[in-house]
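Visitor: Here you go, one structure.
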Amino acid sequence: MGICLSARIKAESPFHTGLNSRSVSIDGGDSNSSSRVPSTTRSEGEILQSPNLKSFSFSDLRTATRNFRPDSVLGEGGFGSVFKGWIDENTFAATKPGTGVIIAVKRLNQEGFQGHREWLAEVNYLGQFSHPHLVKLIGYCLEDEHRLLVYEFMPRGSLENHLFRRGSYFQPLSWKLRLKVALGAAKGLAFLHSAETKVIYRDFKTSNILLDSNYTAKLSDFGLAKDGPTGDKSHVSTRVMGTYGYAAPEYMATGHLTSKSDVYSFGVVLLEMLSGRRAIDKNRPSGEHNLVEWAKPYLGNKRKVFRVLDTRLEGQYSMEVASKVANLALRCLSKDPRFRPSMSDIVKELEQLYQQSKDSGNTRSHASNRPRPRRRSAGDVANRNPSVAYPRPSASPLYAK
Ligand SMILES: Nc1ncnc2c1ncn2[C@@H]1O[C@H](COP(=O)(O)OP(=O)(O)OP(=O)(O)O)[C@@H](O)[C@H]1O
Ligand SMILES: [Mg+2]
């Protein structure tokens, strides 16, 4: 469930209103088929009249979530709580639980302009994009002081829960599923960076990658998204926002934002998926708090890379593919953004690696070719009993289809 709020870098960017509009749609295809309506500055009123979005009343959403019942909370973040609700597919009217379609309702609970700005940026960006790897925004509510967002419900919740939540409804993801999720999320980012769209996402992290029933990854949360540089500009200058542990070092240092800042964050998430460790974890032994700093020396070394790999994945991968994924993460994490690959190159590489993993079937024998058994680190305490069976997320009443 949501990252520690103090880890979220919050600063106001005085010139960013989130009002630059663009319209991109995809017809069931993948990341490379899109059409673009040129970006124009539009008023808030125009944005909220977007024909793709339903304007809900507050009472609609109160009924749909059964008065925002605490037991229907799907998660909590810096913006507010996310509730599970039910609406009629055609009329969008609230329905009884178990009938109609399930929605996720995010309710802003913070005061002030920053919250409104993030809410508006979400409506502005996500409301106009349609892509298989972006969460669908169904509508919004803007009534008095109320600010809510209504999304398609993602039955398997966030990648964060699947990687880090233990002893609950969430089972550790298998190697193949991790590659599938990494590939899906990469396609979402590649779409945002594409020439037609040119958006920098700025908040790529495991809690913003949501999973549908087939583990198709979709990005949510466009509150911090920004239009990329135009003309001959190399970057956008902005105050630093995002989440510690994921933000690129040059962006943190200078406020210069490029699509390569997202690539760095992608590298952090890829590393979290490989290792099963959080980007920042103060509960680890000293020297291991910062995942990138700790793991970097091992990532490019074929004989040492196994030290980084999640022990829960043992027997599921070939060292050859795992080393290549680790090497890809290392390149994404290059200090110099020019050495980081583009998201479209990352998609190509991951497509091959995912295919190789699928073709190799059960790779238990490959994994046993490791140089020597992985040492347990103090941080592996939670993994000591590999036979623990984690109930599937679908066992949770909240994540039931
Ligand atoms: N459409 C959805 N379907 C199912 N669960 C969702 C959906 N949207 C959000 N959630 C759940 O709610 C949690 C909170 O989401 P939210 O985006 O508000 O915060 P966050 O990403 O955890 O943190 P932050 O505010 O720092 O971005 C998610 O991690 C996820 O578990
Ligand atoms: Mg989020």
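For the sequence shown, UniProt numbering gives the first residue as 1, with consecutive numbering after it.
We treat Cβ as the ideally placed atom computed from N, Cα and C, and that holds for glycine.
Restricting to Cα atoms, I'd like to know which of Leu177, Lys176, His162 is closest to phenylalanine 170.
Guide: For phenylalanine 170, the nearest C-alpha among the options comes from His162.
Visitor: Could you tell me whether the segment 202-216 touches the segment 237-253, using the rule of 3 or more Cβ pairs below 8 angstroms?
Guide: Output reads yes: the segment 237-253 touches the segment 202-216.
Visitor: Specify whether the segment 217-225 and the segment 106-125 touch according to this definition: at least 3 beta carbon pairs, one from each stretch, less than 8 angstroms apart.
Guide: Because the criterion of three Cβ pairs below 8 angstroms is met, the segment 217-225 and the segment 106-125 touch.
Visitor: Does the distance between the C-beta of alanine 217 and the nearest non-hydrogen atom of ligand 1 fall short of 7 angstroms?
Guide: Alanine 217 Cβ: outside cutoff for every heavy atom of ligand 1.
Visitor: Thinking tyrosine 104 and aspartate 60 are a contact (beta carbons under 8 angstroms), I'd like their distance in whole angstroms, please.
Guide: For the sequence presented, residue 104 should be read as alanine rather than tyrosine. About 15 angstroms; that fails the 8 angstroms criterion.
Visitor: Per the contact definition of three or more C-beta pairs closer than 8 angstroms, is the segment 54-71 in contact with the segment 151-158?
Guide: Taking 8 angstroms as the limit for Cβ pairs, the verdict is that the segment 54-71 does not touch the segment 151-158.
Visitor: Have a look at arginine 331 and valine 308 and give me their C-alpha separation to the nearest angstrom.
Guide: Each residue's alpha carbon lies about 16 angstroms from the other.
Visitor: With respect to 7 angstroms, is the separation between the Cβ of glutamate 160 and the closest non-hydrogen atom of ligand 1 below this value?
Guide: Checking every heavy atom of ligand 1 against the Cβ of glutamate 160, one is found closer than 7 angstroms.
Visitor: Pick helix, strand or coil for phenylalanine 83, following the three-state DSSP scheme.
Guide: In this structure, phenylalanine 83 counts as strand in the three-state DSSP scheme.
Visitor: If I measure Cβ to Cβ from glycine 28 and keep anything under 7 angstroms in the same chain, skipping five residues before and after, which residues do I get?
Guide: Residue placement at glycine 28 is poorly supported in this model, since its pLDDT is 29, which falls under 50; the coordinates are not used for a value here.
Visitor: At the level of alpha carbons, what is the spacing between arginine 374 and lysine 335?
Guide: For arginine 374, the predicted model reports a pLDDT of 38, less than 50, meaning its position is unreliable; a value from the coordinates is still stated below. One C-alpha to the other measures close to 28 angstroms.
Visitor: In angstroms with no decimal places, state the Cα-to-Cα distance between histidine 235 and proline 97.
Guide: Between histidine 235 and proline 97, the C-alpha separation is close to 47 angstroms.
Visitor: I'd like to know whether the C-beta atoms of leucine 149 and tyrosine 140 end up nearer to each other than 8 angstroms.
Guide: Cβ distance < 8 angstroms, so leucine 149 and tyrosine 140 count as in contact.
Visitor: Verify whether the separation of the beta carbon atoms of proline 337 and lysine 233 is less than 8 angstroms.
Guide: No; because the gap between Cβ atoms is not below 8 angstroms, this pair is not in contact.
Visitor: Check for me: the beta strand (DSSP E) holding valine 263 runs from which residue to which?
Guide: Taken as a continuous stretch (DSSP letters only), valine 263 belongs to no beta strand (DSSP E), being part of the alpha helix (DSSP H) at 259-275.
Visitor: Starting from residue 461, trace the beta strand (DSSP E) in both directions and tell me its first and last residue.
Guide: Shown here, the chain extends from 1 to 401; a query on residue 461 therefore has no answer.
Visitor: Report the start-end ranges of each beta strand (DSSP E) in the segment 137-161 that is 3 residues or longer and not cut off at the edges.
Guide: Here the runs fully enclosed are 137-143, 146-152.
Visitor: Taking all protein chains shown into account, do 16 or more other C-beta atoms lie within 10 angstroms of the C-beta of glycine 100, making it buried, or fewer, making it exposed?
Guide: Per the 10 Å Cβ criterion, buried.
Visitor: Can you tell me which of Tyr151, Leu108, Arg147 puts its alpha carbon nearest to the alpha carbon of leucine 126?
Guide: Of Tyr151, Leu108, Arg147, the residue nearest in Cα terms is Tyr151.
Visitor: If I'm right that lysine 282 touches histidine 289 with Cβ under 8 angstroms, what's the distance once you round it to whole angstroms?
Guide: About 6 angstroms; that satisfies the 8 angstroms criterion.
Visitor: Which of the three DSSP states is assigned to arginine 375 in this structure?
Guide: Note on arginine 375: pLDDT 37, under 50, position unreliable in the model; no value is reported.
Visitor: Rounded to whole angstroms, what is the Cα-Cα separation between phenylalanine 306 and threonine 91?
Guide: Taking the straight line from one Cα to the other gives about 53 angstroms.
Visitor: Thinking C-beta only, is leucine 270 closer than 8 angstroms to valine 325?
Guide: Their beta carbons are under 8 angstroms apart, which means valine 325 touches leucine 270 by this criterion.
Visitor: Considering only the alpha carbon of each residue, which of Thr63, Asn214, Arg178, Asn327 lies closest to glutamine 316?
Guide: Minimum Cα distance to glutamine 316 is reached at Arg178.
Visitor: The alpha helix (DSSP H) that contains valine 135, what's its start and end?
Guide: From DSSP, valine 135 is part of no alpha helix (DSSP H); its letter is neither H nor E.
Visitor: Whose C-alpha, out of Ser318, Leu313, Arg303, Ala248, is nearest the C-alpha of valine 292?
Guide: The shortest Cα separation from valine 292 among Ser318, Leu313, Arg303, Ala248 belongs to Ala248.
Visitor: What is the DSSP secondary structure of lysine 218, reduced to helix, strand or coil?
Guide: In this structure, lysine 218 counts as strand in the three-state DSSP scheme.
Visitor: I need the straight-line Cα distance from isoleucine 102 to histidine 146, nearest angstrom please.
Guide: When rounded, the distance between both Cα atoms is 21 angstroms.
Visitor: Could you check if asparagine 208 is buried or exposed, using at least 16 other CB atoms within 10 Å of its CB as the buried criterion?
Guide: Per the 10 Å Cβ criterion, buried.
Visitor: Return the Cβ separation of valine 181 and alanine 217 in integer angstroms, given the expectation that the two are a contact with Cβ distance under 8 angstroms.
Guide: Their Cβ separation, rounded to whole angstroms, is 5 angstroms, which keeps valine 181 and alanine 217 in contact under 8 angstroms.
Visitor: Suppose the cutoff is 8 angstroms on Cβ atoms and the five residues either side in sequence are ignored; what does the same chain contact list for aspartate 212 look like?
Guide: For aspartate 212, where only same-chain residues beyond five positions count, the Cβ hits under 8 angstroms are Met154, Pro155, Arg156, Lys218.
Visitor: By the three-class DSSP mapping on this structure, what secondary structure does arginine 178 have?
Guide: It is helical.
Visitor: Taking only the alpha-carbon atoms, compute the straight-line gap between leucine 53 and phenylalanine 129 and give it to the nearest angstrom.
Guide: For leucine 53 and phenylalanine 129, the distance between alpha carbons rounds to 11 angstroms.
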